[in-house]
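**Student:** Numbering (the UniProt record's numbering), first residue to last: 1 to 107. For each residue, glycine too, the CB sits at the ideal point set by N, CA and C. Source: prediction; values computed, not measured.
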C-alpha cells in the first residue's frame with residue numbers, strides 16, 4: 001500500500017482526523033495547538049491525530065493528498081476542511097460545530 005492509500009484509509013475510516021505536528025497532549029507547533037484547542041471547544045469526543053513528525057512519508061504525502069502546503073490539516077467525514085486559520089474562521093461563524101455534529105463527532 002502506498003502512502004496515498006494509507007492516508008485515504010485514515011481519512012475514510014475516522015470521523016475526525018487531524019494531521020498535526022506533535023500529539024493532542026503535546027503539540028509541537030502553535031498552529032497544531034490552536035487546532036487541538038478548537039476541536040476541544042467544539043466538544044469533539046475522539047480525534048484520530050496523526051503526528052507528521054514521526055513519519056516523513058505522511059508529512060509529505062498529506063500535502064500532496066490535499067494539495068495544501070501546510071500542517072495542521074483537518075478532515076471531517078472524509079472531507080478536507082483546512083488548516084488552523086480556516087478552522088478558527090469556521091469555528092467563529094459556527095460552521096465547524098455544525099460540520100462536526102453532522103459527522104457525529106461531538107459528545
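(1) Specify, as a first and last residue, the run of the alpha helix (DSSP H) that residue 99 falls within.
(2) Which of the three DSSP states is assigned to residue 20 in this structure?
(3) When you compare the CB positions of residue 52 and residue 17, do they come within less than 8 Å of one another, or not?
(4) What's the gap between the Cα of residue 36 and the Cα of residue 10?
(5) Could I get the ranges of all uninterrupted alpha helix (DSSP H) runs contained in the UniProt domain "Glutaredoxin" (16–81), with 4 residues as the minimum, in chain order?
(6) Buried or exposed: which applies to residue 69, given that a residue is buried once 16 or more other Cβ atoms fall within 10 Å of its Cβ?
(7) With 16 other CB atoms within 10 Å as the buried threshold, where does residue 87 fall?
(8) Considering only the beta carbon of each residue, do residue 72 and residue 47 sit closer than 8 Å?
(9) Of the choices 101, 44, 66, 43, whose alpha-carbon is the least far from that of residue 81?
**Tutor:** On the basis of the coordinates in this document:
(1) Where residue 99 is concerned, the enclosing alpha helix (DSSP H) starts and stops at 95–102.
(2) Residue 20 falls in the strand class under three-state DSSP.
(3) Result no, Cβ atoms of residue 52 and residue 17 do not sit closer than 8 Å.
(4) Rounded to whole angstroms, the separation of the alpha carbons of residue 10 and residue 36 is 18 Å.
(5) Runs of the alpha helix (DSSP H) lying entirely within the UniProt domain "Glutaredoxin" (16–81) and spanning at least 4 residues, in chain order: 30–41, 56–66.
(6) Counting of Cβ neighbours within 10 angstroms places residue 69 among the exposed residues, the total staying below 16.
(7) Buried, by the Cβ-count rule.
(8) Not a contact, by the Cβ cut-off of 8 Å.
(9) For residue 81, the closest of 101, 44, 66, 43 by C-alpha to C-alpha distance is 66.
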